[in-house]
Every structure is written in structure tokens, then in C-alpha cells.
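Remarks on the structure that follows.
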Amino acid sequence: MADKGSIVCGFIAPHPPHLVYGENPPQNIPRSTGGWEVLRWAYDNCREKIRRLKPDVIIVHTPHWMTLVGHHVSRVPRLKGLSVDPIFPHLFRYNFDTAIDVELADAVHDEARAEGLIARKMTNPNFRLDYGTIVTSHMLNPGWDIPILSLSANNSPYYFSLGVGIEEMYKLGRATRRAVEKTGRRAVLAASNTLSHFHFDREPDPNLPEDMSKEHVFSHANYLWDMRVLDLMRQGKMDELLAVLPEFIEKTGAEVKSGGLFWMLAAMGFPKIPARVHGYWSVIATGNAVVEWDLTADANGAGAAAHA
Amino acid sequence: MPEGQIVKGYIVPGMPHVMLPRESSSRRELREACRVAGANAQEARPDVLVIFSTQWISVLGHLVQARPNPTGLHVDENWYDLGNLPYDFHTDLDLAHRTIDVATAAGLQVRPVDYDGFPVDTGTLVALNLLNPKSQIPVVCISCNIYAGREEELKLGHAAADAIRALGRRAVVVASSGLSGHYFTREITDDEDRIANEQDDAENRKLLDLIAAGKCAHAMDLVSDYAAKTGADMQFKSYYWLMGALGAEHAKARVLGYGSIWGSGAAVIEFTV
Chain A
53 MADKGSIVCG
63 FIAPHPPHLV
73 YGENPPQNIP
83 RSTGGWEVLR
93 WAYDNCREKI
103 RRLKPDVIIV
113 HTPHWMTLVG
123 HHVSRVPRLK
133 GLSVDPIFPH
143 LFRYNFDTAI
153 DVELADAVHD
163 EARAEGLIAR
173 KMTNPNFRLD
183 YGTIVTSHML
193 NPGWDIPILS
203 LSANNSPYYF
213 SLGVGIEEMY
223 KLGRATRRAV
233 EKTGRRAVLA
243 ASNTLSHFHF
253 DREPDPNLPE
263 DMSKEHVFSH
273 ANYLWDMRVL
283 DLMRQGKMDE
293 LLAVLPEFIE
303 KTGAEVKSGG
313 LFWMLAAMGF
323 PKIPARVHGY
333 WSVIATGNAV
343 VEWDLTADAN
353 GAGAAAHA
Chain B
190 MPEGQIVKGY
200 IVPGMPHVML
210 PRESSSRREL
220 REACRVAGAN
230 AQEARPDVLV
240 IFSTQWISVL
250 GHLVQARPNP
260 TGLHVDENWY
270 DLGNLPYDFH
280 TDLDLAHRTI
290 DVATAAGLQV
300 RPVDYDGFPV
310 DTGTLVALNL
320 LNPKSQIPVV
330 CISCNIYAGR
340 EEELKLGHAA
350 ADAIRALGRR
360 AVVVASSGLS
370 GHYFTREITD
380 DEDRIANEQD
390 DAENRKLLDL
400 IAAGKCAHAM
410 DLVSDYAAKT
420 GADMQFKSYY
430 WLMGALGAEH
440 AKARVLGYGS
450 IWGSGAAVIE
460 FTV
């Protein structure tokens with residue numbers, strides 16, 4: 053039997069394709085002159101952390117694989133292809149090639165069912181990974197030398213209510229944690245979502261998307277909300293954070309609604325430790341932050357074990 | 190060049206269950222209705238199919254497929270276990286660009302997409318499979334903007350019709366859309382499938398009766414209320430687009446089939462002008 057695994061770190065890891073576009077990696081076809089550097093530099097810190105932690109797997113919860121019946125896990129050993137963003141195809145046409153941790157996929161599936169959730173394994177080898185999974189995975193680990201596991205976003209917070217959605221995500225978080233422990237994995241979690249989500253309805257300049265003189269957050273009210281939430285994360289005020297998130301979602305259309313953050317916090321045991329905000333900026337007016345919860349004892353002292 | 194015309198219009202379901210798995214006898218009425226629609230559309234000898242799909246979602250205005258020959262293999266993100274959807278079709282580039290030009294002149298934000306590997310959506314591919322199975326007819330594919338309302342979709346439909354007339358095309362226009370949008374959130378067997386609740390069924394039938402009675406313009410006035418009550422597929426805005434193209438005052442309709450797909454409402458409706 054495998055040694056008991058653990059979740060070593062969790063990131064809010066937003067997925068605007070603009071970040072990949074601004075970086076100009078070889079996998080992406082469109083070329084840019086840069087842009088959104090503050091967020092990309094924030095991701096540089098995460099990359100460095102992941103290199104040091106050497107996790108076995110990165111688990112991504114993505115809002116752009118929206119599923120109607122239950123929670124789905126990618127369960128194909130390798131997925132490869134060209135992902136063209138349906139909204140921003142001029143920015144993101146990315147050749148992806150990744151290993152999937154199928155043993156962990158099976159474990160998450162089984163534990164989710166044990167929680168009473170409907171869960172499905174996606175076993176079609178022709179499946180095209182969604183751009184949320186790809187952008188987040190790339191920004192955390194551009195070399196793709198760590199297997200990933202992609203989890204779908206069940207539609208329950210939109211179809212039923214936010215409360216129902218949150219309950220499901222707490223169950224999925226617990227299930228993920230147990231699956232990680234039982235399979236002996238050292239796992240990094242990634243909640244692939246923005247904060248405030250109101251956006252421009254036209255690109256300021258489609259011919260120069262990286263023109264940062266046109267980039268700004270949608271409204272001051274949204275900015276204040278993003279800062280309020282980030283400040284609670286920085287102070288480790290988990291109870292206050294959980295209490296305010298529903299209003300935050302209602303006021304700012306936050307993509308947090310899709311569930312990833314609730315899932316990740318539940319999987320991490322709702323850690324009351326200060327999160328590190330690596331960077332914040334807008335992308336076509338949406339509020340994006342790269343945030344880290346480091347659950348290793350090195351980062352938090354012996355007390356961290358209670359959370360990790 | 191003679192002035193073009195729209196020879197038929199259709200609403201068809203965009204869910205893959207009406208075509209996959211291919212040998213299945215499930216949803217017999219809908220499948221038979223789709224077969225009839227396909228045969229009638231072929232018989233109309235169109236030069237082009239213009240398809241508005243609620244599953245091709247856009248947020249920055251509308252998009253129009255401008256790739257000359259989109260090819261690939263699509264796997265639905267929910268129904269991947271039903272099978273793959275290979276595609277290889279030809280775009281009527283002149284009509285695509287003329288539609289964009291006319292719509293832009295009308296004040297809409299409409300852009301072409303011409304990228305290898307751009308994802309073609311399930312709704313478009315299901316409609317193509319039903320109405321153009323051998324891919325012999327050129328196609329214009331149009332996205333569904335999630336923020337667009339009645340006026341914008343009507344304008345976009347008008348723009349498509351104006352472009353069709355200007356270029357002398359015989360066109361079949363197609364809205365790939367479901368009706369009521371409430372669905373089962375649990376696993377079901379085909380035998381268990383039915384409209385998710387009685388109100389949805391009643392509202393679907395009321396709307397279909399109105400459309401079949403030739404009161405297409407009046408039905409348009411009820412769409413907003415209908416969509417709110419039934420969680421209709423993309424607020425059933427595809428109907429606005431279709432009426433913009435066909436002209437609601439003169440459209441006649443025939444409901445070829447009605448049924449459920451995983452609890453949601455689905456119908457095959459044929460329109461003539």
C-alpha cells in the first residue's frame with residue numbers, strides 16, 4: 053500500500069489565455085509583444101515553488117469543462133492535441149501534450165461516489181482538454197513534466213443554487229483529499245478561476261490585445277471587492293472568507309461560483325494560515341489573482357500538519 | 190443574378206442523442222422527425238445551409254465560421270461516451286463574409302474565425318449530420334452570443350437574409366436549439382427519459398401550438414416569458430434569429446416531432462415562407 057499522500061500546496065490559478073499569449077511559449081501559435089507581466093511574474097513564483105516541491109501531480113478544477121450530470125474526471129493516460137480558444141482564437145492556439153494520473157482519477161471518482169456525488173470517468177482518448185485546464189497547467193508548469201488530473205465543474209451552482217453548488221464542492225474536496233492520501237500522492241491543487249468577472253464586451257483593440265494602456269479592472273467597486281477578499285486570504289481569516297464569498301460572487305459575478313475555490317479550500321481542510329498573493333491584475337477587465345496556500349511544514353511550522 | 194431566397198427554415202435539436210449512438214432506437218419520434226427534415230431539406234435543393242447554434246457560445250459579439258474547409262473530430266464535453274463527431278464541410282465564404290458585412294453595417298459586432306483546429310460545436314455538427322450528411326451543401330455557421338437579446342438576434346437574422354438575397358442563394362436556415370432547458374442531473378436510461386416537469390411540457394406544447402398555427406410573430410412576444418419559466422436553451426434566442434431571417438409575419442410552420450432529451454425539450458420544426 054502506498055505511503056499516505058498529502059496536498060502540499062494550493063493555488064488560485066486563473067486561466068485567461070492572454071497570459072499564455074503574453075508569454076510566447078513555443079506551444080502557442082500566436083505571437084505577442086508581451087503584456088499582463090505582473091500576473092505572469094506572479095506565476096513565475098509558483099513555477100519556482102512547484103520545482104522545489106516536486107509534486108507527483110497537479111489537480112486542476114476548471115470552469116470551462118462544465119458538466120450537467122455529476123463531476124467528471126479525465127481518465128485517459130495521455131491527452132494530446134491542438135486547443136483553440138473558442139472566445140479568443142486569435143490569442144490561443146496551443147499544442148498540448150500531457151500525462152494524466154489515471155490511478156488518482158480512479159481514486160477521486162470512487163471517493164466522490166462514496167461522498168454520494170455522481171461521478172464519471174472521461175475515457176474518450178479524442179477528448180479535447182478545455183482551455184482552463186491547459187492555461188492553468190501551463191502557467192504553473194510550462195514543461196508539462198508533472199502529470200495532471202482535470203476535474204470538471206458541475207453545473208449545480210448555476211442550475212440549482214450557490215448553496216447546493218458549495219455543498220457539492222465541499223464533498224468533492226473531501227473526496228479529493230482522501231484520494232490523494234490513499235494513493236500516496238504529493239499533490240498540488242489549482243482552482244482555475246478569476247475573481248471579479250465582469251468584462252469588456254468588446255476588445256479595446258483586437259489587433260493589439262496586449263496594449264496595456266487599455267487594460268483596467270471593470271469598476272472600482274469590483275476592485276474593492278477583489279481586495280477585500282484577497283486581504284482576508286492574506287490574513288488567513290478563513291471563516292470570514294467563506295462567509296463573504298457568496299456576496300462577493302453576487303456583486304462581482306466572480307468565477308469563483310464555478311466551484312474550484314470551494315473545492316480546493318475543502319480539500320486543504322480550510323487552512324487558517326496566511327495565503328500569499330503573488331500578484332493581481334485585470335484581464336479584459338476581469339480581476340485575476342495568483343494566490344498560494346503552502347501547506348508544508350517548512351512553510352508553516354509544526355502547526356501546519358493539522359491543516360495539511 | 191436572380192435575387193436569392195430562403196426556401197426552408199428549421200429548428201432542430203442540437204443534442205447528440207438524436208444521432209448517437211447511430212444504431213440506437215431511442216427517441217424514435219425525434220429521430221424520425223430529423224430524418225424527414227433532412228429529406229425535405231435536401232429536396233429543396235439549397236445552395237447553402239445557414240446554421241445558428243446555441244452551443245457555439247460567444248461573448249464578444251457574434252462569430253461566423255470563415256474557414257474554407259473545417260475538418261476534425263469533435264468530442265462533446267458531456268456526452269463523450271456516445272461517440273465521436275467527425276466533420277469535414279465546406280463554408281460558403283462569400284455568404285459568410287457578406288453576412289458579417291451587413292451585420293456590421295447594422296451596428297453589430299460580428300467577426301470571422303478562420304483558424305485550423307477551431308472547435309466546431311456539437312449543435313452545429315448535429316444539424317449538419319441531419320440536414321447535410323454527405324457534406325455536399327456549403328454551410329455558414331453562426332455563433333450564439335450569450336448576452337445578445339431579441340433586437341440583436343433579429344438584426345443578425347435580417348443580415349443573413351439580406352446577404353442571401355444579395356448573393357442570389359437558395360438557402361435553408363437552421364436554428365440548432367433545444368426547447369425547455371431543465372434536465373435530469375442524475376444518470377437515467379433511455380426508457381426513463383421524459384420532459385423534466387409538467388410545466389415545461391405544457392409550456393413547450395403551448396409554444397409549439399402557436400408556431401404551428403402560423404402565429405410566429407405572436408410566439409416571439411412570448412419567448413421571454415417562456416424562457417424564464419422553462420430555463421429554455423439560451424433563452425430560446427435562436428428563435429429570434431430564425432424569425433429575423435424568415436420574417437415572422439409570413440412564416441408558416443409544421444412541427445415534425447417533439448420529445449425529450451435527458452429531460453430537456455426538443456422539437457423538429459419546419460418553416461416555409
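Quick mapping for you: the protein sequence lines, in order, are chains A and B. The numbering used here applies: residue 53 is where the first sequence begins, and numbers increase by one. The numbering used here applies: residue 190 is where the second sequence begins, and numbers increase by one. Glycine included, C-beta positions come from ideal geometry on N, C-alpha and C.
| Item | Value |
| --- | --- |
| Residue interval of the beta strand (DSSP E) (run including B/Q194) | 194-201 |
| 9 Å Cβ cutoff, A/Y211 in contact with chain B | yes |
| Buried versus exposed call for A/P68 [16 or more other C-beta atoms within 10 Å across all chains shown] | buried |
| Burial state of B/A294 (16 or more Cβ within 10 Å) | exposed |
| Contact under 9 Å by Cβ, B/V264 with A/N97 | no |
| Pairwise C-alpha distance: B/G367 and B/D379 | 18 Å |
| Beta-carbon neighbours of B/N258, restricted to chain A and to distances below 8 Å | Simply none; closest approach about 16 Å. |
| Status (buried if at least 16 other CB within 10 Å, exposed otherwise) for B/P275 | exposed |
| Closer than 9 Å to chain A by CB, B/R300 | yes |
| Collapsed DSSP secondary structure at B/F460 in the structure displayed | strand |
| Secondary structure of B/H347, DSSP reduced to three states | helix |
| CB contact below 9 Å: B/E342 versus chain A | no |
| B/G338 beta carbon less than 9 Å from that of A/R254 | no |
| The region 294-309 of chain A in contact with the region 238-253 of chain A per 3-pair CB rule at 8 Å | yes |
| Neighbour-count burial assignment, A/N80, 16 or more Cβ in a 10 Å radius | buried |
| Sequence-distant residues of its chain with Cβ nearer than 7 Å to B/D351 (five each side left out) | V291 |
| CB of A/V154 within 9 Å of CB of A/A231, strictly | no |
| Beta carbon proximity, B/S247 to chain A, threshold 9 Å | yes |
| Alpha-carbon to alpha-carbon, A/R103 and A/G195 | 11 Å |
| B/T311 versus B/L219 - alpha carbon distance | 17 Å |
| Cα-Cα separation, A/Y146 to A/R180 | 11 Å |
| Whole runs of the alpha helix (DSSP H) within the region 256-302 of chain B, excluding any shorter than 4 residues | 282-294 |
| Identified DSSP bridge partners for B/R443 | B/E459 |
| Continuous beta strand (DSSP E) stretch holding A/A166: start and end | Element bounds for A/A166: not the beta strand (DSSP E) but the alpha helix (DSSP H), 154-166. |
| Amino acids of chain B, ordered along the chain, whose beta-carbon sits closer than 8 Å to that of A/N176 | V264, Y269, D270, N273 |
| Neighbour flag for A/N340 against chain B, beta carbons, 9 Å | no |
| Proximal chain A residues relative to B/F307, where beta-carbon distance stays under 8 Å | V136, P138, P141 |
| Interface flag, A/I198 vs chain B, CB-CB below 9 Å | no |
| Residues near B/S449 by beta carbon distance below 7 Å, same chain, minus five either side | D382, R383, I384, A455 |
| CB contact below 9 Å: B/T374 versus chain A | yes |
| Neighbour-count burial assignment, B/W451, 16 or more Cβ in a 10 Å radius | buried |
| Where the region 327-361 of chain B meets chain A: residues whose CB sits under 7 Å from a CB there | Y336 |
| C-beta neighbour in chain B for A/G133, strict 9 Å | yes |
| Endpoints, the alpha helix (DSSP H) within which A/A239 is located | From DSSP, A/A239 is part of no alpha helix (DSSP H) but of the beta strand (DSSP E) over 238-243. |
| Contact list for the region 235-253 of chain A against chain B, Cβ threshold 7 Å | D253 |
| In DSSP terms, what B/C333 is bridged to | B/I246 |
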